[in-house]
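Engineer: Take a look at this one; I'll ask things after.
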Amino acid sequence: MQATHSVYHNYFGQFGGRYVAEVLRTPLDLLEEEFAEAMEDPGFQREFDTIADQFVGRPTPLLYAENTTREIGGAQLYIKMEGLAHTGAHKINNAVGQALLARRMGKTRIIAETGAGQHGVATAAVCAKLGLECRVYMGEIDIRRQKPNVFWMQMYGAEVVPVTSGSRTLKDAVNEALRDWAHSFPETHYVIGSALGPSPYPDMVREFQSVVGRETRQQVEAAGLEVAALVACVGGGSNAIGFFAPYLDQPEPRLVGVEAGGTGDQPGRHAARMGGLGTPGIVQGYKSLFLLDEDGQVQPTHSISAGLDYPGIGPQLASLGASGRVEFRRARDQQALDAVGRFARNEGVVFALESAHGGAAALQLAAELPPHQAVVVNMSGRGDKDLFIMAGELDRRAWREFLLSEGDRL
Amino acid sequence: MNAADRPRAGQDRAHGTAVRPAVMAHMIPWFPDRERSFTIARALLDAGVGYLEVQFPYSDPTADGPAIQKACADALDAGFRVADGFEYLERLRAHRDVPIFLMSYAGLVYRRGVAEFVRRAADHGVTGLIVPDLPPGSDEGLYEAAQRYAISAVPVLVVTARQARIDAVAAVRPAYIYAALRSGITGRRTVIDSDSLAFLDRLRPIGAELMAGFGVQSAEQVQALAGHVETVVVGSAFVRVVEDVLSRRPAEAARHTDTLYEAVHAVARELVGS
Chain A
-11 MQATHSVYHN YFGQFGGRYV AEVLRTPLDL LEEEFAEAME DPGFQREFDT
39 IADQFVGRPT PLLYAENTTR EIGGAQLYIK MEGLAHTGAH KINNAVGQAL
89 LARRMGKTRI IAETGAGQHG VATAAVCAKL GLECRVYMGE IDIRRQKPNV
139 FWMQMYGAEV VPVTSGSRTL KDAVNEALRD WAHSFPETHY VIGSALGPSP
189 YPDMVREFQS VVGRETRQQV EAAGLEVAAL VACVGGGSNA IGFFAPYLDQ
239 PEPRLVGVEA GGTGDQPGRH AARMGGLGTP GIVQGYKSLF LLDEDGQVQP
289 THSISAGLDY PGIGPQLASL GASGRVEFRR ARDQQALDAV GRFARNEGVV
339 FALESAHGGA AALQLAAELP PHQAVVVNMS GRGDKDLFIM AGELDRRAWR
389 EFLLSEGDRL
Chain B
6 MNAADRPRAG QDRAHGTAVR PAVMAHMIPW FPDRERSFTI ARALLDAGVG
56 YLEVQFPYSD PTADGPAIQK ACADALDAGF RVADGFEYLE RLRAHRDVPI
106 FLMSYAGLVY RRGVAEFVRR AADHGVTGLI VPDLPPGSDE GLYEAAQRYA
156 ISAVPVLVVT ARQARIDAVA AVRPAYIYAA LRSGITGRRT VIDSDSLAFL
206 DRLRPIGAEL MAGFGVQSAE QVQALAGHVE TVVVGSAFVR VVEDVLSRRP
256 AEAARHTDTL YEAVHAVARE LVGS
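Dropping the structure here:
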């Protein structure tokens, strides 16, 4: 981690801020102070680096996707293998940072929301390691979609609380966690998993995730690559903002965020906030672009991946989209599934469905660019958790028969 | 009655008589549907509540507890739209003209411009606006617009607030303050103790009319606040009464509005003390 004096922005252009009920003012004020102090404290950074080394398994490799590159015949395609981090995704970086911060503040209890379950698993694992009590709020629909992650969270000793309100997905889990925190903050820290929410969360999550970008930068420089573009999927945007962080203040390379195109552009069939589909709003404590109806009610979304179907985008990415520094594309459900299969066959690597949206766009970009340049995609998570979804999509009948026979056996 | 005309709780206390606070009853249009929500409002108004707090339902009401969140979700399922909500306020005022405080979230207020929302509220006779996630300092022009359109933006202060925050809120010179008697969300029961009363008395010098709420459900709690606040806000308690009626006799309640009216009216009368 690097100490810098500019870690706390609060606003990013017109987006960001802290729009919260008074009950949350005190905990957020205290968190902001502690975060700023910790980032200046070499001891805190040493703690983070030690856990990153021993527990998270950093650095994660940069893989040359040689077979796919040859097949495409365009730019060289590289994969940042962030999914090889402990618990299977980049989420662990932020969970470690915030859990250390919580311990530094004397908190004994951690709460978290989770969508795909990767943030929940990461938080549960870190809490086990640091001896903190852990409760994870998870939408009922996501619990069904990501059952394996529910098992792992419980294995780590966390309590998983199903959320049955609203759309029963990630945003409703955030609401529930905020409610918990409104009365529990004296002993509890709320670990938000993405670079969104009221300040200081967007700044804090970016800082803890920027380890991904710094590492990638060292790796591409060591390999002497001419990087034309960095590509990452964007739900709330924590892997993207961490991956892009070292490059935000310079014009190159191209930074490409990939949103969930779902099954179409009609409301309720996708989760793409950029490119004109989202509108400015204030939701869950911050100002950004959201999928809203004319009254401002949050609209339903869809994505095959539980981690990308959140109706808002992190405020810094919304601002970087407005300024043009980050360009946004969409990948549909089917394109993501196809990308998973292609990288698995060609490279022996299984992307998480979320990250495969980035993978799909990287395949397109590589085809558009010349061979002396490189495109680097962040495989923010590996696909183990998607076994049930992908097996059902790839061969529904065979998978159904297997599940039924397992049911009989039990 | 205007805030300025009402006897102040503090003044009454000085004369040795603690006047029972007025009740501001919370309700949600379109919960459980448009007509029955009007029946609920009539019951509240007929029982003599001093104010109505009308909450425009929002998809993600983070400061509310499960009871109000579910009621808001039901109201949205029943087809509530913001434009309908403003028309509905006129209908309430035609039944009995008590001051209406419109409560909602930044998500709805910001959507088509804060000033525009405030203007519409003023046009439809709203006395005050309560938007918990647009607090002074992050209000997106709410307080300025309220001044321009001559209605009150009502800040919230929580029992755990530090003095610096109380001072910052006092600086916007509010006519009303919504005092949350407990940290947390709406709907859990609150014990009115010496800490709560000390908190309210700390707000007294601001000179605003105090509305205390969060977990007030009984006449005893209302009485305990006498002499310390002008108004007590009762919210989740009414939502629970309605849920209770609907769950007990769903078929009957759907046909006959009388059951609903009587249940709400009875609870409201007890709280009002009339």
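Chain order of the listed sequences is A and B.
First residue of the first sequence? That's -11 in my numbering, and the numbers climb one at a time after it.
First residue of the second sequence? That's 6 in my numbering, and the numbers climb one at a time after it.
We treat Cβ as the ideally placed atom computed from N, Cα and C, and that holds for glycine.
#1: Within 8 Å of any Cβ in chain B, is that where the Cβ of A/H78 sits?
#2: Can we say the stretch 23 to 41 of chain A touches the stretch 95 to 112 of chain A, given the rule of at least three CB pairs closer than 8 Å?
#3: Does the separation of the CB atoms of A/E175 and A/K117 fall below 8 Å?
#4: Give the interface partners of B/Q74 over in chain A, defined as CB-CB distance under 7 Å, in chain order.
#5: Alpha carbon to alpha carbon, how far is A/R46 from B/S302? Give it in angstroms, no decimals.
#6: Would you mind listing the alpha helix (DSSP H) stretches within the stretch 143 to 205 of chain B that are 4+ residues and don't spill past its ends, in chain order?
#7: From A/V114 to A/G181, what distance separates their C-alpha atoms?
#8: Do A/R133 and A/A248 have their beta-carbon atoms positioned less than 8 Å apart in this structure?
#9: Could you list which residues in chain B have their beta carbon closer than 8 Å to that of A/Q285, in chain order?
#10: Per DSSP, B/G133 forms a beta bridge with which residues?
#11: Taking Cβ-Cβ distances below 8 Å as the criterion, which residues of the stretch 125 to 144 of chain B are in contact with chain A?
#12: So, are the CB atoms of B/R25 and B/Q168 less than 8 Å apart?
#13: Just the C-alpha distance for A/M(-11) and A/A73, rounded to the nearest angstrom, thanks.
#14: For A/G127, which three-state DSSP category applies?
#15: Can you list the residues of chain B that A/K159 reaches, using a CB-CB cut of under 7 Å?
#16: Suppose you measure from the CA of B/V163 to the CA of B/S143; what does that come to, to the nearest Å?
#17: Closer than 8 Å by C-beta to B/T165: which residues in its own chain qualify, once you throw out the five before and the five after it? Chain order, please.
#18: Please classify A/V338: is it buried, with 16 or more other beta-carbons within 10 angstroms of its beta-carbon, or exposed?
#19: Can you have a look at A/S393 and say buried or exposed, based on whether 16 or more other CB atoms are within 10 angstroms of its CB?
#20: Kindly indicate which residue of B/A273, B/G130, B/I105, B/D79 has the alpha-carbon position closest to the one of B/Q222.
#21: Kindly list, in the order they appear in chain B, the residues whose Cβ is closer than 8 Å to that of A/Q272.
#22: What residue range does the alpha helix (DSSP H) around A/N82 cover?
#23: Note down, in chain order, every chain B residue with its Cβ under 8 Å from the Cβ of A/E22.
#24: List, in order along the chain, the chain A residues whose C-beta lies closer than 9 Å to that of B/L162?
#25: Could you give the DSSP three-state label for B/M29: helix, strand or coil?
#26: Among the residues of its own chain, which have a CB less than 6 Å from the CB of A/A165, if the five just before and after it don't count?
#27: Would you list the one or two residues that DSSP bridges to A/Q64?
#28: Could you please give the first and the last residue of the uninterrupted alpha helix (DSSP H) stretch that includes A/F32?
#29: Can you list, in chain order, the residues of its chain with a C-beta nearer than 7 Å to that of A/A260? Leave out the 5 residues immediately preceding and following it.
#30: By the 10 Å Cβ neighbour count, where 16 or more other Cβ atoms means buried, how is A/T56 classified, buried or exposed?
#31: Between B/G15 and B/L215, what straight-line distance do the alpha-carbon atoms span, to the nearest angstrom?
#32: Report the rounded CA-to-CA distance for B/S241 versus B/V250, giving the unit in angstroms.
#33: Contact criterion: CB-CB distance below 8 Å. Does B/T264 meet it with respect to chain A?
#34: Under the three-state reduction of DSSP, which class applies to B/V247: helix, strand or coil?
#35: Classify A/A228 as helix, strand or coil using the three-state DSSP reduction.
#36: On the three-state DSSP scale, how would you describe B/L215?
Structural biologist: By the coordinates alone:
#1: For A/H78, the answer is no, since every Cβ of chain B falls outside 8 Å of its Cβ.
#2: Contact fails between the stretch 23 to 41 of chain A and the stretch 95 to 112 of chain A, because fewer than three Cβ pairs, one in each stretch, are under 8 Å apart.
#3: It is not a contact, given that the beta carbons lie outside the stated cut-off.
#4: When 7 Å is used as the limit between beta carbons, B/Q74 is near these residues of chain A: S153, in chain order.
#5: This structure leaves residue 302 of chain B out entirely; chain B is present only between 6 and 279.
#6: Fully contained in the stretch 143 to 205 of chain B are the following alpha helix (DSSP H) runs of length 4 or more, in chain order: 147 to 153, 168 to 175.
#7: Distance between the alpha carbons of A/V114 and A/G181 is about 13 Å.
#8: Judged by their CB atoms, A/A248 and A/R133 are not nearer to each other than the 8 Å cut-off.
#9: Neighbourhood of A/Q285 in chain B, by CB distance below 8 Å: Y63, S64, L81, G112, L113, in chain order.
#10: Note: B/G133 sits in a beta bridge opposite B/F106, B/S157.
#11: Residues of the stretch 125 to 144 of chain B that bring their beta carbon within less than 8 Å of a beta carbon in chain A comprise P137, D138, L139, P140, S143, in sequence order.
#12: Cβ atoms of B/R25 and B/Q168: not closer than 8 Å.
#13: Confidence at A/M(-11) is low in this model, with a pLDDT of 45, below 50, so the placement of that residue should be treated as unreliable; the coordinate-derived value is given next. Straight-line Cα distance between these residues: approximately 17 Å.
#14: Three-state result, A/G127: strand.
#15: Correct list: D65.
#16: Take the alpha-carbon of B/V163 and the one of B/S143: they are about 17 Å apart.
#17: Contacts found: S188.
#18: Classification of A/V338: buried, given that the 10 Å Cβ count is 16 or more.
#19: It is exposed - the Cβ of A/S393 has fewer than 16 other Cβ atoms within 10 Å.
#20: For the residues B/A273, B/G130, B/I105, B/D79, the minimum Cα distance to B/Q222 belongs to B/A273.
#21: Identification of chain B residues near A/Q272 by a Cβ-Cβ cut-off of 8 Å yields D65, T67, ordered along the chain.
#22: Note, A/N82: alpha helix (DSSP H), 79 to 92.
#23: Near A/E22 there are no residues of chain B at all, since even the closest Cβ is about 16 Å away, more than 8 Å.
#24: Correct list: E10.
#25: Looking at B/M29 - three-state DSSP - the assignment turns out to be strand.
#26: Listed in chain order, the non-local C-beta contacts of A/A165 below 6 Å within the same chain comprise I99, E101, Y125, Y178, local neighbours out to five positions each way being set aside.
#27: For A/Q64, which the question treats as bridged, DSSP gives the partners A/A362.
#28: Run containing A/F32: 30 to 39, per the alpha helix (DSSP H) assignment.
#29: Here the set comprises E247, A248, G249, R318.
#30: Burial call: buried.
#31: Unreliable placement is indicated for B/G15, whose pLDDT of 47 sits below 50; the coordinate value is still reported in the next sentence. Taking the straight line joining both Cα atoms gives about 10 Å.
#32: Rounded to the nearest angstrom, the two C-alpha atoms are 14 Å apart.
#33: Taking 8 Å as the CB threshold, B/T264 stays off the interface with chain A.
#34: Looking at B/V247 - three-state DSSP - the assignment turns out to be helix.
#35: A/A228 sits in a helix when the DSSP states are folded into three classes.
#36: Per DSSP, reduced to three states, the secondary structure at B/L215 is strand.
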